[in-house]
Each structure stands twice: as C-alpha cells, then as structure tokens.
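Note that the numbering used here has the sequence shown beginning at 79, numbered continuously upward. This report refers to the structure that appears directly beneath it.
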Amino acid sequence: MCRHAAWLGASRALTTLIQEPEHGLLRQSYAPRRQRHGTVNADGFGMGWYDAARPEPVRYRRSIPLWSDANLPALAQIARSGCLLAAVRCATVGMPVEESATAPFTDGPWLLSHNGRVARDAVRDLADGAESACDSAWLAAAAFQRLRAGLTLGDSLAEIVAHAGAKDPGARLNLLACDGAALAATVWGDTLFHRRTEDGVLVASEPLDDLPGWQAVPERSLLLATSSDGVRVQPL
Ligand code: GLN
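What follows is the structure in structure tokens.
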C-alpha cells in the first residue's frame, strides 16, 4: 500500500503534507504507522499543485525514494496552492517501478492517486489504455475517461470502485482525486483519515501528526470535499 495525502483550503505549501508534520509523507515513506500492506514506501513519490499561471496542475514525480531527492525540500517549500495532493509508493509485486507508474497521475485539471492493488483483468475494460501497465495507472485512466465524459469526481471514483471491486473481490481501491476546487476519496480496503482545520481540510491515508481532530473515514465510503460545502462522507 502506498500512502497519499491532500489538502483543500487556504493556500499552503506542499511541505505541509511532506516534511513539516512529524508523520508527514517524508516520515511515512520509511516509517508509516498504519500501513497494512508493505513496510516502506520507497518505490517513488509525487506531488501536484495548482498555479494561476496554467489551467492544469503542476505535477512532479520521481521513481526514487522521497528522502533521496535533495531538490525536493526547497521545491515543496515554494510549491503552494489551495489544493494539493502528494503520494509515496510501495510498488505491488509484479508492477513496474518507473515514473509513469507513480502517482499522482494527471490529465487536464485532475490529479489522482491510488492506495492498494487490483487484478489487471478487473480494470482492463475500464479504460482504452494507460501510460503504464501498473494497476494504479489503469484506474487513473479509467477515472480520467469518465471525468472527460462529464461525470463528477465522486461519481467517477464510485463507478470505478464498484466495477473493479465486483470483478476482483480482493481488490483494495483507496483512490484520492482532485480538480483544484474539490477533492474526492474512496475507502475500500485501506485506511483513510481526514482532519478539518480553521482554513481547510486534510485527507490522508494515515494522520500526518498527533494533533486532535483526525477522524477515520469508514470502510466502503466516499469522501467529498469542496471549499463551499465542507466535507461529506457517504456509503459506497
Ligand atoms: N498497486 C499500486 C502500485 O503498484 C499501488 C501500490 C500501493 O498502494 N502500495 O503502485
């Protein structure tokens, strides 16, 4: 299982998901606390954020351990926006370790990350193709296809999880996606938490720190967050 985290709210830097919190993604890359599958997340990392200079998000990803990128701390300090997404990867056995298999995946205004695994046969018919043979890349392609067809973030994720979950009962399908103004996340086989603050909401596979307010999102549910409506959790 990989670990992912996102922020929606007032503008802040990516370092607030990665290096700043005691158990941010930097620490989670080598010492996650709630990870059920895999022990370290050293097979790559990525982050995405939005900037007024371009309609699409900026995405930075590498297939090396997060802690070994000496350029990352400064970049994460200046990369800031009101919508952030970052992830560290523990590749599933049999999946390629390459940049194109590393979250966040992106297309148009969307960013997407996946914690879990799914049989390739359960996702192949969900998308016309993907940038990598990695299961997560197929799930991302499936989501982007639905988003391009006009489905909402929440409906796209819910449809994919229902389809892939029915075809592969052992699938773990925690997806996290955003479009710059809204976040959606599924809980299907792995942990997910959220924490509201005065100026936004954090969503993460596991708490980034020991501050009060982290709430576990129940298994088989969909979390939706927008700046206007706050956070909603509904069953899948
Ligand atoms: N199956 C995905 C991969 O190989 C996600 C792995 C994970 O969640 N650990 O990258």
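Ideal placement from N, C-alpha and C gives every residue a C-beta, glycine not left out.
About 18 Å separates the Cβ atoms of Pro174 and Arg137, ruling out a contact at the 8 Å cut-off. A distance below 6 Å between beta-carbons, with the five flanking residues on each side excluded, links Arg273 to the following residues of its chain, in chain order: Leu280, Gly291 and Trp292. Contact check between the stretch 127 to 134 and the stretch 107 to 116: fewer than three CB pairs, one atom from each, fall below 8 Å, which does not count as touching.
If you measure from each CB to the nearest heavy atom of ligand 1, the residues under 6 Å come out as Met79, Cys80, Gly116, Arg167, Cys168, Ala169, Thr170, Met173, Ala179, His192, Asn193, Gly194, Arg195, Cys212, Asp213 and Ser214.
With respect to the C-alpha of Trp216, the residue from Ala200, Gly228, Leu225 and Leu86 having the closest C-alpha is Ala200.
In this structure, Gly186 lies away from Arg250, with their beta-carbon atoms at least 9 Å apart.
Boundaries of the beta strand (DSSP E) around Tyr138: Val136 to Arg140. Ranking Ala165, Leu104 and Arg158 by CA distance to the CA of Thr184 puts Ala165 first. Within a 10 Å sphere around the beta-carbon of Val171 sit fewer than 16 other beta-carbons, which makes this residue exposed.
DSSP places Asp268 in no beta strand (DSSP E); its state is neither H nor E.
When DSSP states are grouped into helix, strand and coil, Gly232 belongs to the helix group. No Cβ-Cβ contact shorter than 9 Å links Leu253 with Thr269. Taking each of Ala84, Pro99, Leu92 and His115 in turn and checking the Cα distance to Leu190, the smallest one comes out for Ala84. The three-state reading of DSSP puts Ala260 in strand, counting E and B together. In this model, Glu98 and His115 are separated by some 25 Å (Cα to Cα). Cβ-Cβ separation between Ala154 and Asp121: approximately 19 Å, too far for a contact (criterion under 8 Å). The Cβ neighbour count for Asn149, taken over all protein chains shown within 10 Å, is under 16; the residue is labelled exposed. Of Phe271, Ser306, Leu302 and Ala221, the smallest CA-CA separation from Pro296 is found for Phe271. Excluding five sequence positions before and after Asp287, the CB atoms of its chain that fall closer than 7 Å to its own CB belong to Pro99, Glu100 and His101, given in chain order. Boundaries of the alpha helix (DSSP H) harbouring Asp199: Arg198 to Val201, taken from the DSSP string.
Fully enclosed alpha helix (DSSP H) runs of no fewer than 4 residues occupy 150 to 156 of the stretch 149 to 192, in order along the chain.
No Cβ-Cβ contact shorter than 9 Å links Arg167 with Phe222.
For Trp216, the enclosing alpha helix (DSSP H) has its first and last residue at Asp213 to Arg226.
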